[in-house]
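Residue 19 in the working numbering sits at position 19 of the sequence shown, and the numbers go up by one each step.
Just below is one structure, and these are the notes that go with it.
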Amino acid sequence: SSPPVAWWDPSVGIAESSGAVSAWTDRTGGAIVTQASGSLRPSYSATSLNGYPGVTFDGTDDVLSLVGVPANLPTGSDSSWIFGIVDQQALVADTGIKVWAGYGGGSANQARVTERQSISSANLAVVENGTVVSTVTTVDFSGINAVFGIFDAGTLQSRINGTNSTPTAATLATTTSRIRLGAYQDVA
């Protein structure tokens, strides 16, 4: 297996301003996601995830981003995985999309996105590439979960706590214009 090409580890690389994360440096290649606006910054705690460091996004507009994706991130039809330990706290009644990580172009069909959606009265982990969506429908995505977005040659797949979705056919066409951690789109 290959080492990660980007890794935002909350135990290192966090820059705070007034208790909020203003910048976060990737520990593998030094890519820095930032947020200039104080009201759009997530919070940091050294003990937020079962006693481990974590970054908390509000689920609405908190976002850290980088315009100009590092050259080592897979693009076009190249395969990639997005992985995270996510403590998903949105209630099923909240039907808004909660993105936790993604990268790619400014239009939806040029991005690889991992998110939570409320579908059929359940919190589900969703992987999206444009209008193509892959969902694990058998595992509730509430609380702390290990989540993967798998973007493979011609397919999308999500994995939550070891349970895979059925692979969904997709044409990967990711560009390299931005990385987002948090909100669905850059809001500032």
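Note that CB positions come from ideal geometry on N, CA and C, so glycine has one too.
It should be emphasised that the depicted structure is a prediction, and the values quoted were computed from it without experimental measurement.
For I82 against A111, the beta-carbon gap comes to about 11 Å, at or over 8 Å, which does not count as contact.
Per DSSP, reduced to three states, the secondary structure at L40 is helical. The beta carbons of A23 and A15 sit about 4 Å from each other, so the pair counts as a contact at 8 Å.
With the rule of 3 Cβ pairs closer than 8 Å, the segment 149-163 counts as touching the segment 62-82. In this structure, P42 and V21 form a Cβ contact; the two beta carbons are roughly 5 Å apart against a cut-off of 8 Å. By the beta-carbon neighbour count (other beta carbons within 10 angstroms, threshold 16), I179 is buried. Under the rule that a run must span 3 or more residues, the beta strand (DSSP E) segments found entirely inside the segment 127-162 read 132-135, 143-152 and 155-160. Straight-line measurement puts the Cα of Y44 at about 6 Å from the Cα of T56.
By the neighbour-count definition (other C-beta atoms within 10 Å, threshold 16), G182 is a buried residue. In the assembly as shown, I144 is an exposed residue. Its beta-carbon has fewer than 16 other beta-carbons within 10 Å. Using a Cβ distance threshold of 8 Å, T163 and T138 count as a contacting pair. Sorting I97, V132, G104 and G105 by C-alpha distance to the C-alpha of Q117 places I97 at the top.
Residue state for Q35 is assigned as coil, using DSSP reduced to three classes. Sixteen is the threshold: since fewer than 16 other Cβ atoms of the shown chains lie within 10 Å of the Cβ of A146, the residue is exposed. Shown here, Q110 sits in a helix according to DSSP, grouped into three states. N123 is a Cβ neighbour of Q88, given a cutoff of 8 Å.
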